[in-house]
Amino acid sequence: MRILLKGGRILDPSQELDIAGSLLIENDQVVAFGPGLNDASADDVYDCHGLWITPGLVDPHVHLREPGDPHKETIATGTQAAAAGGYTTICCMPNTNPPLDSPSLVDFILDRSASPGSGGVFVAPVGALTKGMDGKQLSDLFALKRAGIVAASDEGFPIQDSMVMTKAMEFCFQLDLPIMAHCEDESLSRGGSMNEGAMSAMLGLKGIHRSAEEIAVMRNCLLSLHTRCQLHVMRVSTWGAVEMIRQAKYLDAPVTCEVSPLHFTFTEEAIGEFDTNFKALPPLRTRIDIDLLLEALNDGTIDCIASDHSPHASHEVDVPFEEAPFGSVGLESTVGVTLTRLTHTGVLSPLETVRKLSTTPARILRLEAGTLKPGETPVAQVTVIDPDLEWTLDRNKSFSKSRNTAFHGMHLKGKPVLTFCGSEIYRDALFGNHRFVEA
Numbered sequence: 001m002r003i004l005l006k007g008g009r010i011l012d013p014s015q016e017l018d019i020a021g022s023l024l025i026e027n028d029q030v031v032a033f034g035p036g037l038n039d040a041s042a043d044d045v046y047d048c049h050g051l052w053i054t055p056g057l058v059d060p061h062v063h064l065r066e067p068g069d070p071h072k073e074t075i076a077t078g079t080q081a082a083a084a085g086g087y088t089t090i091c092c093m094p095n096t097n098p099p100l101d102s103p104s105l106v107d108f109i110l111d112r113s114a115s116p117g118s119g120g121v122f123v124a125p126v127g128a129l130t131k132g133m134d135g136k137q138l139s140d141l142f143a144l145k146r147a148g149i150v151a152a153s154d155e156g157f158p159i160q161d162s163m164v165m166t167k168a169m170e171f172c173f174q175l176d177l178p179i180m181a182h183c184e185d186e187s188l189s190r191g192g193s194m195n196e197g198a199m200s201a202m203l204g205l206k207g208i209h210r211s212a213e214e215i216a217v218m219r220n221c222l223l224s225l226h227t228r229c230q231l232h233v234m235r236v237s238t239w240g241a242v243e244m245i246r247q248a249k250y251l252d253a254p255v256t257c258e259v260s261p262l263h264f265t266f267t268e269e270a271i272g273e274f275d276t277n278f279k280a281l282p283p284l285r286t287r288i289d290i291d292l293l294l295e296a297l298n299d300g301t302i303d304c305i306a307s308d309h310s311p312h313a314s315h316e317v318d319v320p321f322e323e324a325p326f327g328s329v330g331l332e333s334t335v336g337v338t339l340t341r342l343t344h345t346g347v348l349s350p351l352e353t354v355r356k357l358s359t360t361p362a363r364i365l366r367l368e369a370g371t372l373k374p375g376e377t378p379v380a381q382v383t384v385i386d387p388d389l390e391w392t393l394d395r396n397k398s399f400s401k402s403r404n405t406a407f408h409g410m411h412l413k414g415k416p417v418l419t420f421c422g423s424e425i426y427r428d429a430l431f432g433n434h435r436f437v438e439a
């Protein structure tokens, strides 16, 4: 089978490429790309004029909820949503039920994600850093790495004991295993449900002070500096956290970080009259925080963009604000929000946009992804994006099982229209029949 993506804009940060040209996929592998490439013998030809041809997107932070909570999401529905969002590789978080702290559970994730009913994308499991994610005793990280985890994390149950975190970093350094850390001092955040400030006071809600995030970021960055363990800070939200990460990088600490579209799009005011779709952890902050997050995205301090896809069933979200879970689904909205808020406003160039959505997360987690170089990935991983396609996000037209999204009804500009992981795994209805021609 020969597939030609014809006449697009090829954006590949792994090769610093931004050129006009075509790309050829043969037998599920990228075999050639460049200007003037044509292949009369291609079985399928896609007209990609005006579109971006990019490495398959990589999401470092996704909750698939399986095992344990299939009423929220399953590996099948989550990977289908990922394919529709332009992703060919996603990293699933370990806070399942039970947590991903044993090789057998890692095997379960890998087997289920490779089944014919799933979305066709690669799933890279992140293992639990401590047994049961209780923050006390380290998991058998050696066995977990052998089973196939790409990083370790205690996700929404961050380790509070600095000695335990030190030992975890020392051991993960020996294993060459990154730690992905949700940074939160729970003694300062416990019981809170939104950013602490005038808005929380007005709504009568207990707030989460920004220091809860910043103190934990500072501690973890210092421990990374001293142990040389690779640290990836998940979903930064405050300007103070960004400054600490910037200083850690200046000191040559092996630290990277991510931000979610929620945190560079909405302020705490979006909560309005207790809208639980805007309940996030860390919480939505202020306009000053967003302005400095955008600056950090532009200057490279923030390395990548993650969806933090966090599905919850409707009956769990439609409750009083304090009782609602944290998080929002995001696999199918991240590209549209990123292009609308960052690319079309000049915060990021097209090449830097693709870098933060694909090449950099692949590099951070040592994944065989994030590039169009022939032979560098197990199969062709290619995403085609229409940067000018205008559409409105409708949560009722989602592949995800859950509908809890802060972006429902938002008018967006830019959308993935084709996703290849080997063969084609997703084609958007808005791509249009006129763009597909049988050769």
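Take UniProt numbering: the final residue in the sequence shown is number 439, and no numbers are missing along the way. The beta carbon of each residue, even a glycine, is placed where N, CA and C say it ideally should be. Please read all numbers here as calculations on a predicted model, not as lab measurements.
Could you check where the alpha helix (DSSP H) with Phe-108 kicks off and where it finishes?
Where Phe-108 is concerned, the enclosing alpha helix (DSSP H) stretches over 103-113.
Please classify Glu-273 as buried or exposed, where buried requires at least 16 neighbouring CB atoms within 10 angstroms.
So Glu-273 counts as exposed.
Report the rounded CA-to-CA distance for Ile-290 versus Ala-84, giving the unit in angstroms.
C-alpha separation (whole angstroms): 27 Å.
Which of the three DSSP states is assigned to His-61 in this structure?
His-61: strand per DSSP, three-state reduction.
Of all the options Ile-208, His-209, Ser-224, which has the alpha carbon lying nearest to the alpha carbon of Leu-177?
Nearest option by C-alpha distance: Ser-224.
Rounded to a whole number of angstroms, what is the C-alpha to C-alpha distance between Gly-250 and His-344?
Per the sequence presented here, residue 250 reads as Tyr, with Gly not at that position. The straight-line gap from Cα to Cα measures roughly 30 Å.
Would you list, in sequence order, the uninterrupted alpha helix (DSSP H) runs of no fewer than 4 residues that lie entirely inside the stretch 263-344?
The stretch 263-344 contains these whole alpha helix (DSSP H) runs: 287-299, 314-317, 334-338.
Identify which residue in Arg-112, Ile-159, Thr-334 has its Cα closest to the Cα of Ala-128.
Considering only alpha carbons, the answer is Ile-159.
Look at the alpha carbon of Ile-109 and the alpha carbon of Thr-265, and state the distance between them as a whole number of angstroms.
Computed Cα separation, rounded: 32 Å.
Tell me whether Asn-195 is buried or exposed, calling it buried when 16 or more other Cβ atoms sit within 10 Å of its Cβ.
Asn-195 comes out buried.
Quick one: what does DSSP say Met-194 is sitting in, helix, strand or coil?
Here Met-194 sits in strand by DSSP.
Helix, strand or coil for Pro-378 per DSSP?
If DSSP states are grouped into helix, strand and coil, Pro-378 belongs with coil.
Please return the same chain residues whose Cβ sits closer than 8 Å to the Cβ of Ile-385, not counting the five positions on each side in sequence.
Hits under 8 Å: Leu-51, Trp-52, Thr-54, Gly-86, Val-335, Leu-339, Gly-414, Lys-415, Pro-416, Val-417.
Between His-294 and the rest of its own chain, which residues show a CB-CB distance below 8 Å, the 5 nearest in sequence each way excluded?
In the sequence on display, residue 294 carries Leu and not His. For Leu-294, where only same-chain residues beyond five positions count, the Cβ hits under 8 Å are Phe-264, Leu-342, Val-347.
Tell me, which residues are paired with Met-55 by DSSP?
Note that residue 55 is Pro in the sequence shown here, rather than Met. Per DSSP, Val-382.
Taking only the alpha-carbon atoms, compute the straight-line gap between Gly-240 and Lys-136 and give it to the nearest angstrom.
Going by the C-alpha atoms only, they are around 28 Å apart.
When the Cα atoms are used, what is the spatial distance from Met-218 to Glu-258?
Those two C-alpha atoms are separated by around 16 Å.
Going by alpha carbons, who is nearest to Gly-36 out of Asp-47, Ala-20, Ile-25?
The shortest Cα separation from Gly-36 among Asp-47, Ala-20, Ile-25 belongs to Ala-20.
Taking only the alpha-carbon atoms, compute the straight-line gap between Gly-422 and Ser-211 and give it to the nearest angstrom.
Between Gly-422 and Ser-211, the C-alpha separation is close to 45 Å.
Spatial neighbours of Glu-269 within its chain, please: CB distance less than 7 Å, with the 5 preceding and 5 following residues excluded, ordered by chain position.
Closer than 7 Å at the Cβ level, and outside the excluded window around Glu-269, lie Met-199.
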